[in-house]
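Okay, structure first, notes after.
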Amino acid sequence: MTEAYEALAKRASARWDELHARPWVRVGTGLMGEAVGALEVLAAVREAVEKAGVEATISEVGTTGLCYAEPIVDVHVPDRPRVRYGNVRPEQVEAIVQRHVIGGEPVTELALASVDSNVPGVPRFEQLPMMQGQVRVALRNAGEIDPTDIDQYVARGGFSGLDKALTSLTTEQTLDEVKNSGLRGRGGAAFSTGMKWGFLAGNPAPQKYILCNCEEGDPGAFNDKTILESDPFTLVEGCIIAGYATGASNGIVFIRHGHDSPIDRTRAAIQACYDNGVLGPSVLGTEFSFDMEVSLVGESYVAGEETALMEAIEGKRSMPRFRPPFPAAYGVWGRPSNINNIKTLSYAPEIVRRGAEWFSSIGTEKSTGTAIACLSGDIRYPGLVEVPFGLTVHDIIEGMGGGEPNGKALKFLQTGGGGRRRGAGGGGRAGGAAPPAGAGGAVRHGARLRRDGRGGRDVRLRRPHRLQRGAFGRRPHAHARRVRSDGVVREVFPVQARHEPHPGDTGAHRGREGAQQRHGPDGARRREHARRFALRSRATGVQPRGERGALLRQRVRGATGGRRAIPGFVRGAEVHAARCADVGRHADGVGEAGLRDAHRGCGGSTPILAFPHQGGRDRTGEQEPDGRQRPSRGHRRTRDGNRTEARNEG
Amino acid sequence: MTTTSRPHGAPDDASPGSLRERARRAIEEQPSPTVTVLSSLLAAQDELGYLPYEAIDEVSMCTGSSVNEVWAVASFYPNFRFTPPARHSVEICWGPTCHVLGAQPILQGIVSHLGLDGEGDTEDGSISLKYNTCLGVCPHAPAMSFDHELAGRMSLDEAVSRVERIRSGDDGADGRTSRG
């Protein structure tokens, strides 16, 4: 245990005892509370306590997740039962303060639930229908602590995970712990978090970034914002642990502008961490240094995409970048970066503190841990539940959510927030019968939550699917389709054509690293751009004949952005030309001349070495129409040569 | 959306309290250590409620970018506006949850109550109505916000009375909230 943490824990424990030694009223504010008048209730509590002249602490906390009962007032009185009151109206506050805070007797007729105590006629909090079956890891402090008070966080075990990592684990061991826990990204792609961190850890750059993505644009999703406004320290701690495990130096929390409560609370938490030596040049007194800040973005749905997010952090338009290079090599400000969802990072402190085994014992074999589900719509108990993977959708909707409020049968269910390929906009009939044919993304009652990245994201479709390759209908050959066992085609999509090497292609140029060494990251990007154009033109080959040449010319020109022979682009253009030639044979009216013409569009001076269908005929010495001589085939012009040429033209 | 044009021939007003001065102060007082074009634009709009030419120019000077680059960013994000907003803002969520729970009748009712065709400012310049894809409080759908104060579990009657309340609280003073 570091000395700094020991001091912090000692102070926190004293503060925790002090808080419990006198009445403590907690009001759930933040987005969820404010929308239904929690600020008025808070003002009423302050007024009533002041009027009564009683010594009491009044705190603003986040949400417990039981949004149907907001605004929630949580009253603790020493040696008396602790009770949460739900749906509190400002005019009821007086009675609560008089009878419970001062008198010590819970107002049972207004009570929602008792906490850690039994009160006759009042259910226990964990026995409420919405709480039954919940396992709280990321939301363990939600609604319990003041999200701006670092002492309260530490008193509930906060930063002990970080302290453990810094003192008794090496960076590799920390990374292994996360790998072994089986934690997968909660942003949607369900990629192994440990592996993702490993990519960044393997990069020796001195300055690396951990980005925390709270660009929660999906309608219906509010769990990232809830974590930030209920317990931002968990995210901060998770981010520092990620930084330690990967050797990163900076963390950036990325939030949409306009959600004031999560922004303000996260900023306050980060400031508190700086003030207490948890962030800064010496994290908890060790040699590890880590800095964090909040970055805001304007409204833009696409900014949730990781490379678009990096553009936005750099202050540009949030438009996705081409990959590779991937963020672990070339991220924000060109530095290696790792992007995780808020939820993903929020699991890290508990994984390190309680061990990988503990975490992987929750959930299913391949989807370990818990999922946070947001329930809203025509449901009795809308709100937020954290459940272990493996629960059925039926359990969540009918059990925790209480089902339809009017006792009617659930007619339509939309799952989302975590499903781009299968779940997005996936409406589902929930009648218990199999979904009708063609109901995209339909979910059956009984579908299970899982997140192993193989099949569905949040919801597994019980029928197995298989992939078929071939030509379907009027589509050209290179397509695949996903077919359900009952023959319903779920998805048809183009697949990349197999790469056929160019005859003059020695392969020396290949590889991202090679390209980067020669041309810098931007060169690799341009080359990739051209390659994709080439592949796309091949994969989607069928175009009206007369327009083909024009289209291809336009693409080649477009790929170079009208610039002249750009180093790093040349090879891509050649591959492209090869493809064009190949396709061109089947489309009259383009031919080699047209392609050469098109090719010239990408730089004018870049001679085409050979086309595949010319059978490697040596054209050395032949004159180009513009009078320049071709270099001998197979002779690779040096990069410098290329550059010189480019300069001369420029 | 009309573009902001530079008042040609007008002297450059840099006196305290001018748009330019306020924009500059907002840009300089950003809390985050990293200052970018986007963060500066957000700060300027928070202060002024919209982005006049002066703000764009200040952002370009403070960040060392060209005016064109600043414009490229400002015109990309839909939350920037280039004309002064009305004195109050009303937002209606029309996300899926709010839609299921009856946002459409409220939305249509408010639009006709304000005499508008859809999103936009009322003729008297008192209310800017905006549709929002998700205000982030789905459990309390249908949701609205009045001068950036969230309100959930709305009904049409409640919405109309809240609109009238912020309008009547408007005694000619500039009650405009900071965000546009």
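Protein sequences, first through last, are from chains A and B.
For what it's worth, the numbering used here labels the leading residue of the first sequence as 729, then goes sequentially.
For what it's worth, the numbering used here labels the leading residue of the second sequence as 123, then goes sequentially.
Note that beta-carbon positions come from the ideal geometry of N, C-alpha and C, so glycine has one too.
Computed from a prediction, not measured in an experiment: that's the story for all the values here.
Asked	Found
Is it true that the CB of residue 982 of chain A sits closer than 8 angstroms to the CB of residue 1023 of chain A?	yes
Across the region 213-230 of chain B and the region 911-923 of chain A, are there enough close Cβ pairs to call them in contact, namely three or more that are closer than 8 angstroms?	no
Mind checking whether the beta-carbon of residue 276 of chain B lies closer than 7 angstroms to any heavy atom of the ligand PLP?	Among the ligands in the structure shown, none appear at all, so the ligand PLP cannot be discussed.
Note down the Cα distance separating residue 1066 of chain A from residue 816 of chain A, rounded to an integer number of angstroms.	43 angstroms
So residue 983 of chain A is in the beta strand (DSSP E); what residue range does that whole segment cover?	978-984
Shorter than 8 angstroms from the beta carbon of residue 982 of chain A to some beta carbon of chain B?	no
Please list, in chain order, the chain B residues whose beta carbon lies closer than 9 angstroms to that of residue 1038 of chain A.	Neighbours of residue 1038 of chain A on chain B: none; closest Cβ ~12 angstroms, over 9 angstroms.
If contacts are defined as beta-carbon pairs under 8 angstroms, then residue 141 of chain B and residue 177 of chain B qualify, I think. What distance do you get, rounded to the angstrom?	7 angstroms
Under the three-state reduction of DSSP, which class applies to residue 895 of chain A: helix, strand or coil?	helix
Is the Cβ of residue 958 of chain A closer than 8 angstroms to any Cβ of chain B?	no
For residue 206 of chain B, does the three-state DSSP call read helix, strand or coil?	coil
Residues of chain A with CB closer than 8 angstroms to the CB of residue 195 of chain B, please, in chain order.	1043, 1044 and 1045
Looking at C-alpha atoms only, which residue of A:862, A:796, A:903 and A:880 is the closest neighbour of residue 840 of chain A?	A:796
Compare the C-beta of residue 123 of chain B with all C-beta atoms of chain A and state if any pair is closer than 8 angstroms.	Confidence is the limiting factor: at residue 123 of chain B the pLDDT is only 44, short of 50, which leaves the residue's position unreliable and the question unanswerable from this model.
Can you tell me which of the three DSSP states residue 952 of chain A falls into?	helix
Quick check: the Cα distance between residue 1001 of chain A and residue 984 of chain A, rounded to an integer number of angstroms?	22 angstroms
So which residues on chain B does residue 763 of chain A lean against when the C-beta distance must stay under 7 angstroms?	259, 262, 265, 272, 273 and 274
How long is the line joining the alpha carbons of residue 735 of chain A and residue 876 of chain A, rounded to whole angstroms?	19 angstroms
Kindly confirm or deny that the region 255-266 of chain B and the region 1085-1104 of chain A touch, where touching means at least three C-beta pairs closer than 8 angstroms.	yes
To the nearest angstrom, report how far apart residue 731 of chain A and residue 1011 of chain A are at their CA atoms.	11 angstroms
So residue 939 of chain A and residue 974 of chain A are in contact, right, with Cβ under 8 angstroms, and what is the actual spacing, rounded?	The Cβ separation is near 12 angstroms, so there is no contact.
Which residues share a DSSP beta bridge with residue 942 of chain A?	A:983
State the Cα-Cα distance for the pair residue 274 of chain B and residue 227 of chain B, rounded to the nearest angstrom.	15 angstroms
Taking 8 angstroms as the CB-CB limit, is residue 790 of chain A close to chain B?	no
What residue from A:910, A:1058 and A:1139 has the CA that sits closest to residue 1086 of chain A's CA?	A:910
Would you tell me roughly how many angstroms separate the C-alpha atoms of residue 161 of chain B and residue 169 of chain B, rounded to the nearest one?	12 angstroms
Is residue 204 of chain B close to chain A? Criterion is C-beta to C-beta, closer than 8 angstroms.	no
Taking residue 217 of chain B as the query, report the chain A residues whose CB atoms sit under 7 angstroms from its CB, ordered along the chain.	947 and 948
Could you check how far apart the C-beta atoms of residue 830 of chain A and residue 772 of chain A are, in whole angstroms? I think they sit under 8 angstroms.	15 angstroms between Cβ atoms; not a contact.
Verify whether the separation of the beta carbon atoms of residue 253 of chain B and residue 1028 of chain A is less than 8 angstroms.	no
So, helix, strand or coil for residue 1093 of chain A, using DSSP?	coil
Step through the CB atoms of chain B and report whether any lies within less than 8 angstroms of the CB of residue 796 of chain A.	yes
Take the Cβ of residue 1071 of chain A as the centre, count every other Cβ of all protein chains shown within 10 Å, and call the residue buried at 16 or more, exposed below.	buried
Under 8 angstroms, Cβ to Cβ, is there at least one residue of chain A near residue 184 of chain B?	no
Measuring only the C-alpha atoms, how far is residue 205 of chain B from residue 173 of chain B?	7 angstroms
DSSP state of residue 271 of chain B, grouped into three classes?	strand
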